[in-house]
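K.L.:
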């Protein structure tokens with residue numbers, strides 16, 4: 043007897059859903075901070091594959107370069123423009139990712155509507171809105187429900203009385219396998235393409 047179980051016995055049990063899911067425009071559970079607005083469209087209660095969110099990224103927001111130890115992410119720009127990267131740089135500078143370059147010469151790009159970004163586990167990635175208008179993107183994170191729980195717990199920390207406890211945020215990130223490589227920022231700055239202040 044080898045002790046092996048078949049795949050059906052090993053897989054976690056989830057309720058069988060005979061029906062699909064239709065989320066109307068504006069539907070889903072929305073959480074909002076000064077930094078961004080996230081609407082949960084598909085959660086781990088609905089999908090075994092990925093959580094799906096709609097994210098509104100305000101002008102001046104920079105998520106900062108970071109990695110996820112076990113999550114795969116997919117971003118699809120629906121509206122507006124974002125500076126994005128998804129590569130390992132020659133040198134991980136700690137202050138800013140906008141000047142990073144990969145070993146093959148890749149650099150951050152300006153993503154417009156229709157751009158898709160796929161990020162495997164462990165890959166440094168970032169997005170920032172360098173324009174004067176909000177951007178909107180569809181975002182998937184696999185496996186579910188890790189990112190859902192992270193967003194909910196982060197919102198609690200950001201809305202706590204007494205200001206943001208940066209140590210608590212750092213502990214939360216570590217718990218979800220997130221390594222922050224450059225700072226998260228939310229402040230107006232000059233448009234990196236035109237040099238104009240917003």
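Numbering (this note's numbering), first residue to last: 43 to 240.
Virtual Cβ for every residue (Gly too), placed ideally from N, Cα, C.
Because the structure is a prediction, the values reported are computed rather than measured.
Return the residue from the list 63, 86, 92 that minimises the CA-CA distance to residue 180.
P.N.:
To locate residue 180, count along the chain shown from 1; it is residue 138. Minimum Cα distance to residue 180 is reached at 92.
K.L.:
Excluding the five sequence neighbours on either side, which residues of its own chain have a C-beta within less than 8 Å of the C-beta of residue 67, listed in chain order?
P.N.:
The residue you call residue 67 lines up with position 25 of the chain shown. So the list is empty, once near-sequence residues are dropped.
K.L.:
Does DSSP put residue 125 in a helix, a strand or coil?
P.N.:
Residue mapping note: residue 125 aligns to position 83 of the chain shown, counting from 1. Reduced to three states, the DSSP call for residue 125 is strand.
K.L.:
Please report the straight-line C-alpha distance between residue 139 and residue 174, rounded to a whole angstrom.
P.N.:
Start at 1 with the first residue of the chain shown, and residue 139 comes out as number 97. Start at 1 with the first residue of the chain shown, and residue 174 comes out as number 132. Roughly 20 Å between the two C-alpha positions.
K.L.:
Using the beta-carbon count (16 or more within 10 Å), is residue 158 buried or exposed?
P.N.:
What you label residue 158 is simply residue 116 of the chain shown in a count that begins at 1. By the 10 Å Cβ count, residue 158 comes out exposed.
K.L.:
Return the CA-CA distance between residue 172 and residue 102, expressed in angstroms with no decimal places.
P.N.:
Residue mapping note: residue 172 aligns to position 130 of the chain shown, counting from 1. Residue mapping note: residue 102 aligns to position 60 of the chain shown, counting from 1. Residue 172 and residue 102: Cα-Cα distance of roughly 6 Å.
K.L.:
Tell me the start and end of each unbroken alpha helix (DSSP H) in the region 188-228 that is at least 4 residues and wholly inside, in chain order.
P.N.:
Runs of the alpha helix (DSSP H) inside the region 188-228: 188-200, 208-217.
K.L.:
Should residue 163 be labelled buried (16 or more other beta-carbon atoms within 10 Å of its own) or exposed?
P.N.:
The count along the chain shown starts at 1 and reaches residue 163 at position 121. It counts as exposed.
K.L.:
From 178, 166, 198, 187, pick the residue whose C-alpha is nearest to that of residue 220; which is it?
P.N.:
Reading the chain shown from its first residue, position 178 is the one you call residue 220. Measuring from the Cα of residue 220, the nearest candidate turns out to be 166.
K.L.:
Rounding to the nearest angstrom, what Cα-Cα distance links residue 73 and residue 194 in this structure?
P.N.:
Indexing the chain shown from 1 puts residue 73 at position 31. Indexing the chain shown from 1 puts residue 194 at position 152. Approximately 8 Å, taken between the alpha carbons.
K.L.:
Short check: CB of residue 134 to CB of residue 170, under 9 Å?
P.N.:
The count along the chain shown starts at 1 and reaches residue 134 at position 92. The count along the chain shown starts at 1 and reaches residue 170 at position 128. No, they are not a contact pair.
K.L.:
For the structure I just gave you, are there three or more beta carbon pairs, one from the region 144-159 and one from the region 119-128, closer than 8 Å?
P.N.:
Yes: the two stretches touch, three or more of their Cβ pairs being nearer than 8 Å.
K.L.:
Report yes or no: do the region 187-206 and the region 78-96 share at least 3 C-beta pairs separated by less than 8 Å?
P.N.:
The region 187-206, when compared against the region 78-96, does touch it at the 8 Å Cβ threshold.
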